[in-house]
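So the sequence shown is numbered by my numbering: it starts at 1140 and just counts up by one.
Report on the structure given below.
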Amino acid sequence: MTAIELNNGTARIVVRPDLGAGLTAFDVRQGGGWQAILRKVDPATAHPFALSNILLVPFSGRVSGGGFSFDGTFHALPRNVEAEKYPLHGNGFSANWDVISQSADAITLSLSSEGPGPFRYDATMSYRLEGIGLVMALSVVNRAKIRLPYGAGFHPWFVRDADTTLSAPARGVWLEQPDHLPKAYEPIAAHTDMDFNQPRLLPARWINNWFDGWDGEARIEWPARGLAAEVTASQALRHYVVFSPAADADFFCFEPVTHPVDAFNLPGTAEDHGLKILAPGEALAVETRITVTA
């Protein structure tokens, strides 16, 4: 286990290069102490889904049908999580990344991957503390000899209090089947308790849904703690996922992503749903900034 802490005096993170370049903490200083923005976890955890943030590359979410067809060829994808029926979140989240550079408030890591399936790629990830905030920047270059649809995103677990609210404008929402694949796409206005166009408490139930038509701006508030976070995502990240298992959960996930779950196999083309077609040597870059205020 290798953990690296960055601390600029007002914000701090702990990075696990050996576990998908994920985080085990993102805290900010308030009132002489540290307050958790992302959930606190065991810094020595061996499971990526027990982290505070993971990286989604070369795709996000589940992929049905054992893989996907593109340019007339079927590309098989193996299952990669024991408890999951479908391939999930690519492989960057579970790989061992190399540290390229490091300072007190920034770190850059890299990964060269053979797979999953047809994917061959080089990825670069940087975390940077700026004031009371965190900037996450991920890029991926297609090294395969063929063009392929790529996706990317970030999967942070935010602290959830009883009074936590979320504001994240969206146009529509994908509903979920029992196996966590998309069931139907509907206007956000048809689902009041998931309409985050205005600040809203999270639903007092299971939620695991994918939203589109996002403008890349969101706000999370923790009124009892006197904290708020502005989440700003780059142009390619125009979808988001909200996940939380129940009202009494101590976390919820707000995930800026390029595409909905199973975008490879939804009706239409991969590009219709946000996947980016990369020719050999082409790159996809995404960034998310979390700025905390009192």
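From the three backbone atoms N, C-alpha and C, an ideal C-beta is built for every residue, glycine too.
Span of the beta strand (DSSP E) around residue i
i, result
"Tyr1225", "Tyr1225 -> no beta strand (DSSP E), and no H or E assigned at all."
"Trp1296", "Gly1292 to Val1298"
"Ser1208", "Gly1206 to Phe1209"
"Ile1176", "No beta strand (DSSP E) holds Ile1176; DSSP gives it neither H nor E."
"Asn1219", "Where Asn1219 is concerned, there is no enclosing beta strand (DSSP E), given that its DSSP letter is neither H nor E."
"Trp1349", "Ile1346 to Asp1351"
Whole-angstrom C-beta distance between residue j and residue i, which should lie under 8 Å
i, j, result
"Trp1361", "Pro1308", "In fact, because the Cβ distance is near 20 Å, the residues do not count as touching under 8 Å."
"Val1380", "Val1396", "6 Å"
"Leu1347", "Met1333", "Contrary to the premise, residue 1347 reads as Asn rather than Leu in this sequence. No, Asn1347 and Met1333 are not in contact; Cβ-Cβ is about 11 Å, not under 8 Å."
"Tyr1266", "Ile1152", "6 Å"
"Pro1384", "Pro1321", "That belief does not hold up - the Cβ atoms of Pro1384 and Pro1321 are roughly 19 Å apart, past 8 Å."
"Ala1142", "Arg1155", "6 Å"
"Ser1203", "Asn1404", "5 Å"
"Ile1429", "Gly1272", "6 Å"
One or two residues paired with residue i in a DSSP bridge
i, result
"Ile1327", "Partner(s): none; Ile1327 has no beta bridge."
"Ala1367", "Glu1360 and Thr1432"
"Leu1340", "Thr1304"
"Ile1143", "Val1154"
"Ala1385", "In DSSP, Ala1385 forms no bridge with anything."
"Pro1321", "Glu1315"
"Ser1240", "Thr1247"
Residue i - DSSP class collapsed to helix/strand/coil
i, result
"Ala1262", "strand"
"Glu1421", "coil"
"Asn1192", "strand"
"Ser1233", "helix"
"Met1333", "helix"
"His1412", "helix"
"Phe1403", "helix"
"Pro1187", "helix"
"Ile1152", "strand"
"Phe1198", "coil"
"His1398", "coil"
"Gln1169", "strand"
"Ile1271", "coil"
"Ala1276", "strand"
"Thr1212", "strand"
"Leu1248", "strand"
"His1378", "strand"
"Ala1164", "strand"
"Pro1288", "strand"
"Leu1314", "strand"
"Ala1309", "coil"
"Ala1283", "coil"
Residue-chain proximity (residue i, chain B), Cβ-Cβ < 7 Å
i, result
"Ile1346", "Here chain B cannot be found, since the structure has a single protein chain."
The region 1186 to 1197 / the region 1222 to 1237 touching (three or more Cβ pairs under 8 Å): yes
At least 3 beta-carbon pairs within less than 8 Å: the region 1373 to 1381 vs the region 1410 to 1425: yes
Any 3 or more C-beta pairs closer than 8 Å across the region 1147 to 1164 and the region 1236 to 1247: yes
At least 3 beta-carbon pairs within less than 8 Å: the region 1254 to 1270 vs the region 1203 to 1215: yes
The region 1283 to 1300 touching the region 1175 to 1188, judged by at least three CB pairs closer than 8 Å: yes
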